[in-house]
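The block underneath contains the structure these notes are about, expressed in structure tokens.
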Amino acid sequence: MKRPFFNLILIAIVAFAAIFVSAPWFAFRALHAAAISNDVQAMAELIDFNAVRQGLQSQVDPAASAPAPDIWHDPIGAIRHALATAAPSKDSDALLTPANIAALSTGSGPPKTTPGTLPDTVADLFPGTHGRSIRYWDPNRCRIVVRREDGREAMFTFERRGWVSWKLVLITLPKAPPATPATH
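With our numbering as the guide, the letters of the sequence shown map in order to residues 1 to 184.
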């Protein structure tokens with residue numbers, strides 16, 4: 001009688017551990033699917049927009065991530081900085097559209113289909129995981145990298161918000177490819 005109960009407890013522990021470890025990957029896949037299908041409500045449940053905007057703002061406008069002027073040494077500059085950072089940048093908001101998130105999570109650009117049409121192939125409907133990998137995982141943070149065809153990488157950082165609930169807190173945009181030296 002004790003043996004089946006012990007086996008059941010052991011199976012439950014292993015199942016919970018597998019779900020706990022794979023939850024960030026499922027959150028990324030859910031975000032990708034919501035962005036492809038233009039489901040803004042699902043994206044709102046998966047994204048911490050304030051954290052992502054702040055991270056994107058520092059990438060789009062590096063001057064915005066500079067330390068604020070000290071009120072004691074530069075009071076006018078401190079007031080100007082407070083007024084300038086009160087409103088989010090339109091550049092960072094433009095990157096948070098479903099089409100742009102879908103393009104970043106796909107790695108090869110926006111989906112080939114337009115809303116209301118059928119895809120050309122099954123691969124267009126269910127994009128594979130080629131070029132996607134988990135770069136870092138710990139119990140509270142996970143970074144998933146999407147490698148583009150040209151070798152550049154976009155990184156999605158998720159943070160744990162519950163036992164198996166994860167939210168996107170940072171998108172690291174792909175860097176421009178290095179300039180190739182001109183050969184003469």
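Backbone N, C-alpha and C fix where the C-beta goes; we use that ideal spot for every residue, glycine too.
> Just the Cα atoms here: how many angstroms apart are residue 151 and residue 133?
Replying inline: Between the alpha carbons of residue 151 and residue 133 lies a distance of about 14 Å.
> Can you name the start and end residues of the alpha helix (DSSP H) that residue 104 belongs to?
Replying inline: 98-106 is the extent of the alpha helix (DSSP H) around residue 104.
> Any idea what DSSP makes of residue 47, helix, strand or coil?
Replying inline: The answer is strand: DSSP assigns residue 47 an E or B state.
> Between which two residues does the beta strand (DSSP E) harbouring residue 192 extend?
Replying inline: As displayed, the chain neither begins before 1 nor continues past 184, which places residue 192 out of reach and without an answer.
> residue 83 bridges to which residues according to DSSP?
Replying inline: Partner(s): none; residue 83 has no beta bridge.
>> So residue 142 and residue 4 are supposed to be a Cβ contact under 8 Å. How far apart are they, rounded?
In response: Rounded, the Cβ-Cβ distance is 35 Å, inconsistent with contact.
>> Helix, strand or coil for residue 133? Go by DSSP, reduced to three states.
In response: strand
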